[in-house]
Amino acid sequence: IILSIETAIEGGSISIIEGKDEIDFWIGNKEGLKAEGFLLEVSKILDKNPIAKHAVALHMVKFPAIGRRQAYEDVRLAVKLFNTLHTFDYDFWQTWLINDIIKNIEDCRKDGSPAALKIVEMAHANLIKALGEKPKDIEDPKRLEKNAFYILIQNNKTEVKIDVDNLHKLPEATLRELNKVLFVGNDITEADAIEIMGT
């Protein structure tokens, strides 16, 4: 024995089937609320109120006989079946549109007729509109800062900062001594440090 329930016809129907024979059936009346009517109403509510909690509250006001759990189920099903404004995926459709325009351009170029070339010209104009303007990159604020690099020289707890940008302005003798200290490893004497600080 098979119990068959149909909701697609007006009011719904129930049939009891044994083998290939229908033993009994029942057809609902038009006045009964159909699931499709519920879901269509919920979809209309969702178009104006996309937040599920608000849509459930409005759905329960419109149909007071249903419970909160059933109202949430109706909202969930309406989103799946009647996805209109509340689930519109702009990025998907923009990508689809751009790919469709590109495919049309390729097909018309293969054709090569004057009418096809006119269509290519119009498709290029549509492609420019679909792409829009290139979004501006977000500028990194740290990249705009001026970075100053110093060579720190320390001698007997005396620290001297030498700006790398101004390093070429030092006298040749000082540069030779600095080079000797940095790359050979000899210590700077107190007199050398005072001379470097003085320049």
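In this text, residue positions in the sequence shown follow the numbering used here: the first is 1, and each later residue adds one. For each residue, glycine too, the CB sits at the ideal point set by N, CA and C.
Given residue i as reference, the closest of the options once Cα atoms are compared
i: Glu177; options: Asp192, Asn166, Asp165; result: Asp192
i: Cys108; options: Met60, Gly19, Trp96, His124; result: His124
i: Ile105; options: Trp93, Lys118, Trp96; result: Lys118
i: Lys180; options: Ile153, Lys157, Gly112; result: Ile153
i: Met197; options: Glu159, Ala116, Ile16; result: Glu159
i: Phe92; options: Met60, Ala130, Pro114; result: Ala130
i: Lys161; options: Lys136, Ile98, Gly132, Ile194; result: Ile194
i: Gly132; options: Ile66, Glu18, Ile98; result: Ile98
i: Ile80; options: Lys136, Lys53, Ala115, Leu40; result: In the sequence as presented, Ile is not what sits at residue 80; that position holds Lys. Nearest C-alpha to Lys80: Leu40.
Cα-Cα separation, residue i to residue j
i: Glu121; j: Pro64; result: 57 angstroms
i: Ala55; j: Leu46; result: 6 angstroms
i: Ala148; j: Lys169; result: 16 angstroms
i: Asp165; j: Lys157; result: 25 angstroms
i: Lys48; j: Ala71; result: 17 angstroms
i: Ile16; j: Glu22; result: 6 angstroms
i: Leu167; j: Glu190; result: 20 angstroms
i: Met60; j: Pro50; result: 15 angstroms
i: Lys110; j: Lys134; result: 29 angstroms
Residue i - containing beta strand (DSSP E), residue span
i: Ile162; result: 158-163
Limits of the unbroken alpha helix (DSSP H) element including residue i
i: Pro50; result: Element bounds for Pro50: n/a, residue is neither H nor E.
i: Ile66; result: Looking at the DSSP string, Ile66 is not in any alpha helix (DSSP H), and its letter there is neither H nor E.
i: Pro201; result: Within the shown structure, residues of the chain are numbered from 1 to 199, placing residue 201 beyond reach of any answer.
Residue i classed as buried or exposed, judged by whether at least 16 other C-beta atoms fall within 10 angstroms
i: Ser43; result: buried
i: Ala78; result: buried
i: Leu58; result: buried
i: Val75; result: buried
i: Ile128; result: exposed
Nearest-angstrom Cβ-Cβ length linking residue i and residue j, presumed shorter than 8 angstroms
i: Asn126; j: Ile102; result: Contact doesn't hold; Cβ gap of about 11 angstroms is too wide.
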